[in-house]
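K.L.:
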Amino acid sequence: MVKHQPLQVYEKQVFVSFVTGIYGCRWKRYQRSQDDSSRWECTWFVILCSSFLLLLFWAYFWLVAQNDFNEFNWSVYNRSGEWRDETIPILASTTVGFSYITFLLILALFHISLGQQLNLYWLHKIGVLATLLTTISGVISVDDIWGDEWDILLVSLQSTAPFLHIGALVTVTAISWLVAGYVVRRERSNFQVMMLLIYMVVLLAVYLAPLTFTCSCIMDRHSLRPRPDIIGRRGVPMLAPENTMVSFNRALQYGASSLEADVTISVDGVPFLMRDRTLRRTTDVRKVFPLRQYDDASFFNWTEIRSLNAGQWFLESDPYWTVETLTARDRGRIGNQTVCSLMEMLRLAARANGSALLNVRRPPPEHPRYRSWFMDTLWAVQKAGITQKRVRTVTWTPDTDRGRVRGLPQTANEKLSVEEMRQRGITSLTLHYSKASHKDLQEYLANNVSVTVYPVNEPWLYSILWCSGVPSVSSDAPQVLRKVPYPIWLMSQNAYDFIWITSDLVSLAVVVGIFSFQKWRMRGMQSYNPEQIMLSAVARRSSREVNIMKEKLIFSELNNGLSSTEELCLYPENGYATYSHGDLSH
Numbered sequence: 001m002v003k004h005q006p007l008q009v010y011e012k013q014v015f016v017s018f019v020t021g022i023y024g025c026r027w028k029r030y031q032r033s034q035d036d037s038s039r040w041e042c043t044w045f046v047i048l049c050s051s052f053l054l055l056l057f058w059a060y061f062w063l064v065a066q067n068d069f070n071e072f073n074w075s076v077y078n079r080s081g082e083w084r085d086e087t088i089p090i091l092a093s094t095t096v097g098f099s100y101i102t103f104l105l106i107l108a109l110f111h112i113s114l115g116q117q118l119n120l121y122w123l124h125k126i127g128v129l130a131t132l133l134t135t136i137s138g139v140i141s142v143d144d145i146w147g148d149e150w151d152i153l154l155v156s157l158q159s160t161a162p163f164l165h166i167g168a169l170v171t172v173t174a175i176s177w178l179v180a181g182y183v184v185r186r187e188r189s190n191f192q193v194m195m196l197l198i199y200m201v202v203l204l205a206v207y208l209a210p211l212t213f214t215c216s217c218i219m220d221r222h223s224l225r226p227r228p229d230i231i232g233r234r235g236v237p238m239l240a241p242e243n244t245m246v247s248f249n250r251a252l253q254y255g256a257s258s259l260e261a262d263v264t265i266s267v268d269g270v271p272f273l274m275r276d277r278t279l280r281r282t283t284d285v286r287k288v289f290p291l292r293q294y295d296d297a298s299f300f301n302w303t304e305i306r307s308l309n310a311g312q313w314f315l316e317s318d319p320y321w322t323v324e325t326l327t328a329r330d331r332g333r334i335g336n337q338t339v340c341s342l343m344e345m346l347r348l349a350a351r352a353n354g355s356a357l358l359n360v361r362r363p364p365p366e367h368p369r370y371r372s373w374f375m376d377t378l379w380a381v382q383k384a385g386i387t388q389k390r391v392r393t394v395t396w397t398p399d400t401d402r403g404r405v406r407g408l409p410q411t412a413n414e415k416l417s418v419e420e421m422r423q424r425g426i427t428s429l430t431l432h433y434s435k436a437s438h439k440d441l442q443e444y445l446a447n448n449v450s451v452t453v454y455p456v457n458e459p460w461l462y463s464i465l466w467c468s469g470v471p472s473v474s475s476d477a478p479q480v481l482r483k484v485p486y487p488i489w490l491m492s493q494n495a496y497d498f499i500w501i502t503s504d505l506v507s508l509a510v511v512v513g514i515f516s517f518q519k520w521r522m523r524g525m526q527s528y529n530p531e532q533i534m535l536s537a538v539a540r541r542s543s544r545e546v547n548i549m550k551e552k553l554i555f556s557e558l559n560n561g562l563s564s565t566e567e568l569c570l571y572p573e574n575g576y577a578t579y580s581h582g583d584l585s586h
């Protein structure tokens, strides 16, 4: 007796082979399966999704943290003592890791949509695990070295939240195809119900997310205040060595209305410009005074300081990858720069009819000018010929010493209440952008308090501070902000509400449509048996387009087997096998 089984018809499935081959190294048909994925493979899918979300967060952090790359490198320098652009390897590894994980996740989602069993190749498992652990170690390291920078994530949402909402809306709407295909199956389980509930909660949260947004650029255009003034923070340190005359000149050329500098007092009482505690990074002190290269910069006299070159390091290290854009003449000027005195910078500001913001570092207690540093600063201001009202000082000193810098307007570098400012005689504030909330800024502006926010190097940050009404910003990149004649985006509350509600309604309609289609599709599939589907496929295809192969032909004997006269005949035209025995045909 022979059991007849129809030959199965296979079509070429190039795309399925591509997806399963790359994801699980299952290039051949017999290696694939449409059974439910094992718990172990589902666990790896969860790890893959977690890696993607963590890398998405990590990539977004570094995208918005471009505003503070200089601060990051400076923090690393203070720990290691060597200046390197540490952002390059971080950005390169993040790009590679994010691209790799995203590609694998897309392949996994194709597996689910095609009904294929998940089976991640072992080499990919190692890659996913390595990427995940590397990212986690990176997050821990940044939290240790640069923990305050996490605040930029909340600040950036003032600019990116409306666009991130649209992206999240598109994502959860697209995922509804997979969710619907899973929950409308004939088999019902508690896990299906849980998945549906989780999806509905996430969908509702995305729909209502704009209720939590605080975006300063969602406002009436007529309420927009004048463009904030730009202060050249140490000049233009991306195009010239910081705190040098060529850098300050460049800042004025790029439209800076004021100059900001870091002031240190020399051992003989001359205020000069230096950001670091030592002279190692920005001068050739290692060559000129090798035994004193780690000494505090304030313990050098002015003659020694003036003998150092303050520009060659910029050409050699190229800290911002901008040296190639400089002309030969600019390189020659930069290479001959010396350490700049406070008086030189103030005279330049006076000639340009600008103002100055000074960050004065008090000398150590053992310094001979420890008691008279404020008089040295005031003397330099007077000798420069600039109006004292146009010079503001940020002194890192106790309140008892603040009033001793007579005649110079005082500014605080910490967030204070209006009452505290009045009691301490402070006329303005210089705040880090992470400390300048929209609510606080509005309160200061209502009480006529001048606020300068730093560091502002990216157009998106400049735009939201402009919309908040900030009168001035301190920037390392005046050449970039000069190209921002108007906020990047600005819309009224009514316009944004219309976009928000319309997007939610369109998404809801698409989700309902997808669930309805998947349910109709599943009912249609359940009304056909496999042989009908196979025969329909054969009827629709020509013989040239269909590859017919015999997968199973099951023989079983009721007696002792077939005799030699028994013949087996295969008729591929109708897809069935028959045999004959003598005059009998089956």
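Under the numbering used here, the residues of the sequence shown are numbered 1 to 586, in order. Cβ atoms here follow ideal geometry from the backbone N, Cα and C, with glycine treated the same way.
Return the Cβ separation of E301 and D268 in integer angstroms, given the expectation that the two are a contact with Cβ distance under 8 Å.
P.N.:
As written in the sequence, residue 301 is Asn, which differs from the Glu given in the question. The Cβ separation is near 5 Å, so the contact holds.
K.L.:
My output table needs one value for S266: the three-state DSSP class, helix, strand or coil.
P.N.:
Looking at S266 - three-state DSSP - the assignment turns out to be coil, as it is neither helix nor strand.
K.L.:
Check this for me: beta carbons of I265 and P363, under 8 Å apart or not?
P.N.:
Yes, Cβ-Cβ distance for I265 and P363 is below 8 Å.
K.L.:
Using DSSP with H/G/I as helix, E/B as strand and the rest coil, what is D284?
P.N.:
Note: D284 maps to coil in three-state DSSP.
K.L.:
Might you give, ordered along the chain, the residues of its own chain that have their beta carbon closer than 7 Å to the beta carbon of G335, omitting 5 neighbours on each side?
P.N.:
The residues are G311, Q312 and L315.
K.L.:
So which of S75, I88, L120 and L326 has the shortest CA-CA distance to S38?
P.N.:
Looking at the Cα atoms, L120 is the closest of the given residues.
K.L.:
For Q493, count neighbouring C-beta atoms within 10 Å of its own C-beta (all shown protein chains included) and say buried if the count is 16 or more, exposed if not.
P.N.:
So Q493 ends up on the exposed side.
K.L.:
Looking at the unbroken alpha helix (DSSP H) that takes in G335, where does it start and where does it end?
P.N.:
Note, G335: alpha helix (DSSP H), A328 to G335.
K.L.:
Is the Cβ of R331 closer than 8 Å to any Cβ of chain D?
P.N.:
Absent here is chain D; the protein component of the structure consists of one chain.
K.L.:
Suppose you measure from the CA of T393 to the CA of T411; what does that come to, to the nearest Å?
P.N.:
Cα to Cα, T393 sits roughly 6 Å from T411.
K.L.:
Just checking my contact of Y486 with V155 at CB under 8 Å: how many whole Å lie between their CB atoms?
P.N.:
With 8 Å as the limit, Y486 and V155 do not qualify as a contact, their Cβ atoms being about 20 Å apart.
K.L.:
With a threshold of 6 Å on Cβ separation, who are the neighbours of F515 within its own chain once the five nearest residues in sequence on each side are excluded?
P.N.:
The answer, listed in chain order, is A180.
K.L.:
Determine the DSSP secondary structure at M195, reduced to helix, strand or coil.
P.N.:
In the structure shown, M195 sits in a helix (DSSP, three-state: H, G or I).
K.L.:
In chain order, which continuous runs of the alpha helix (DSSP H) of length 4 or greater are located wholly inside the region 126-200?
P.N.:
The region 126-200 contains these whole alpha helix (DSSP H) runs: 151-183.
K.L.:
Can you give the Cα-Cα distance for S50 and T102, rounded to whole angstroms?
P.N.:
The straight-line gap from Cα to Cα measures roughly 11 Å.
K.L.:
Would you report the Cα separation of F45 and Y199, rounded to the nearest angstrom?
P.N.:
Going by the C-alpha atoms only, they are around 17 Å apart.
K.L.:
Between the C-alpha atoms of K287 and Q442, what's the straight-line distance to the nearest angstrom?
P.N.:
Roughly 51 Å separates the two Cα atoms.
K.L.:
Who are A356's beta bridge partners in DSSP?
P.N.:
Per DSSP, L259 and V391.
K.L.:
Would V512 pass as a contact of T173 if the rule is Cβ separation under 8 Å?
P.N.:
Going by C-beta atoms, V512 is not nearer than 8 Å to T173.
K.L.:
Using the beta-carbon count (16 or more within 10 Å), is N587 buried or exposed?
P.N.:
For residue 587 there is no data in the structure shown, the boundaries of the chain being 1 and 586.
K.L.:
Quick one: grab the DSSP three-state call for D318.
P.N.:
Of the three classes helix, strand and coil, the one that applies to D318 here is coil, per DSSP.
K.L.:
Smallest Cα separation from W466: which of H367, P226, T43 and L53?
P.N.:
Of H367, P226, T43 and L53, the residue nearest in Cα terms is P226.
K.L.:
On a Cα-Cα basis, can you pick out the residue from P478, S503 and K519 that is closest to F236?
P.N.:
Strictly speaking, residue 236 in this sequence is Val, with Phe absent from that position. Checking every option, the nearest Cα to that of V236 belongs to P478.
K.L.:
Which of the three DSSP states is assigned to L429 in this structure?
P.N.:
Here L429 sits in strand by DSSP.
K.L.:
Measure from the alpha carbon of R523 to the alpha carbon of each residue in V184, S437, V456 and L129, then state which is nearest.
P.N.:
For the residues V184, S437, V456 and L129, the minimum Cα distance to R523 belongs to V184.
K.L.:
Once you ignore the five residues that flank F69 on each side, which residues in its own chain have a CB closer than 7 Å to its CB?
P.N.:
Cβ neighbours of F69 beyond the five flanking positions: T87.
K.L.:
Touch check for the region 203-217 and the region 459-473: three-plus C-beta pairs under 8 Å?
P.N.:
Touching, yes, given that three or more Cβ pairs across the two stretches are closer than 8 Å.
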